[in-house]
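Q:
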Amino acid sequence: MKLLFAGGKVWDGLAREAVAADVLVEDQHVATVGAVPAARCEGARRIDAHGATLIPGMVDAHAHLSFPVVTYAYQIEDTPPEETVLITMHNARTLLDAGFTGAVGAGSPKLRAEVVIRNEIEAGRIPGPRLMASTPTLTATGGLNDTAQIHQGRDVAAMVVDGADACRRAVRTGYREGVDLVKVNVSGDDFFPRPSGRTTTLAEDEMRAIGEACAALGLPISAHARSAESIKRALRAGATLINHADFADEEALDMLEAAKDRVFVAPTIGYYHSLLHDSPFDRATLDRMGVEAAMASNVEVHRELRRRGVRAVIGGDYGLAWQPNGANARDVGHFVTYLGYSPCEALVAATRNGGELMGQGAGGIVPGAPADLLLVDGDPLANPALLARSDALLAIVKGGGLHKSPAVPERIA
């Protein structure tokens, strides 16, 4: 498909503001940005972009596509594998409909759920974003997502590992089954009774074994790391993505800064915002979980990481009942409201940084880049809230294919 976006503005993922330009898409890639010669436009489907801004597609770097609409953790592991695959398929469509042309899995409760959906998306049989399929979370006995109890036979939504050999085996199993990345729970989480977010649950030798196995197989590591020590262990093991980082101390901040050319952070600030403002939990429950204190620490940490130039990506644990998949673009506004980002910086986190994390060349509007694009009614650099409105997403393009067309008439150039 050959597409010409004409008469609008373009934000390329790099500049501080959008500029007037036309964009020609050909052979699944951006062909021309600027003035497009008439001869190049022959046969193109022309889309009138007057009053709109063309930006790169967004990337959710902490995506839970396999989550049913979750209120309690047991809903995740109790969902059968067949239903999990269907849920993943529907959520993939939902994410693409919301303007997310890329997604990084944050732990699939069933080993092959994201793998099979990624394969179907890539084959063109179902709609969805470019997807980095994740393992279930690797966690220690008693760690986050190990919800088993000795008197119950319930499966858990994790690969429970104890000792270096078990860690290597889990990584190799994921590789054999076709995953793109390994998700590791290095710390606990205060959403669960225990272990807390300040507890580090995987030992140094276990993280080292995971890092060595992933490096040997070319698999990146996405680390759930709230405690200061969990951040350090994840970084020493070579993790590419650090999620949360709520309780980073000065040493952890220094290590993140030293690794900023290879590491990304996902603040997941939307998780805290939704817990405080949209969840069904009463004040006593939120106080027991320490939500306000943890959020304050998260905000302080990520404001400092922004100052130090550490690249951030969006993704806020969407898939919970009070912040469902499809609302993911709220994170762009949260970066501005809570973390001190300018709208342009927040858009960089949502687009270019996510594309760099995925390593597929997406995230920008430059000649030769994959054509993952959003045509937004208005200027999202002035009003990031537009990105969370489906009616403001006039067109969605993934890999040069028009997933959503404008309601206005088009013509062949």
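Counting from 0, one number per residue, gives the positions in the sequence shown under numbering that gives the first Met the number 0. Glycine included, each C-beta is placed from N, C-alpha and C at the ideal position.
(1) Starting from G104, trace the beta strand (DSSP E) in both directions and tell me its first and last residue.
(2) If you draw a straight line from the alpha carbon of I241 to that of R39, how long is it in whole angstroms?
(3) Using three-state DSSP, classify I75 as helix, strand or coil.
(4) Any idea which residues DSSP pairs F263 with across the strands?
(5) Over what stretch of residues does the alpha helix (DSSP H) that includes T350 continue unbroken?
(6) What is the C-beta distance between K182 and T146, in whole angstroms, given that I count them as a contact (C-beta under 8 angstroms)?
(7) Could you name the residues of the same chain whose beta carbon sits closer than 7 angstroms to that of D161, not counting the 5 residues immediately before and after it, in chain order?
(8) According to DSSP, K397 sits in a beta bridge with which residue or residues?
(9) Nearest CA to the CA of A14: which residue from S341, A387, G360, P369?
(10) Determine the direct distance from the alpha carbon of R287 to that of T280, and round the result to whole angstroms.
(11) A283 lies in the beta strand (DSSP E); which residues open and close that run?
(12) Mind checking A34: buried by the 16 CB within 10 Å criterion, or exposed?
(13) Per DSSP, what kind of secondary structure is R175 in: helix, strand or coil?
(14) For V155, which residues in the same chain have their Cβ closer than 7 angstroms to its Cβ, ignoring the five residues on either side in sequence?
(15) Alpha carbon to alpha carbon, what distance is there between V312 and H63?
(16) Should L372 and A394 be called a contact, given that it needs their Cβ atoms to be closer than 9 angstroms?
(17) Could you check the C-alpha separation between D245 and P36 for me, to the nearest Å?
(18) Suppose you measure from the CA of V69 to the CA of A19; what does that come to, to the nearest Å?
(19) Over what stretch of residues does the alpha helix (DSSP H) that includes F334 continue unbroken?
(20) Measure from the alpha carbon of A348 to the alpha carbon of each residue in E25, R171, D376, H61, then state which is nearest.
(21) Do you know offhand how far P408's Cα is from I364's?
A: The short version:
(1) 99-104
(2) 43 angstroms
(3) helix
(4) L240, R310
(5) Element bounds for T350: n/a, residue is neither H nor E.
(6) Not quite, the Cβ-Cβ distance comes to about 16 angstroms (not below 8 angstroms), so this is no contact.
(7) A139, T140
(8) G400
(9) S341
(10) Sequence check: residue 280 is Phe here, not Thr. Roughly 11 angstroms between the two C-alpha positions.
(11) Where A283 is concerned, there is no enclosing beta strand (DSSP E), although the alpha helix (DSSP H) it sits in stretches over 282-288.
(12) exposed
(13) helix
(14) E76, N144, D145, T146, A147
(15) 15 angstroms
(16) yes
(17) 51 angstroms
(18) 43 angstroms
(19) 329-338
(20) H61
(21) Low confidence applies to P408: its pLDDT is 48, below 50, so where it sits in the model is not reliable enough to give any reading.
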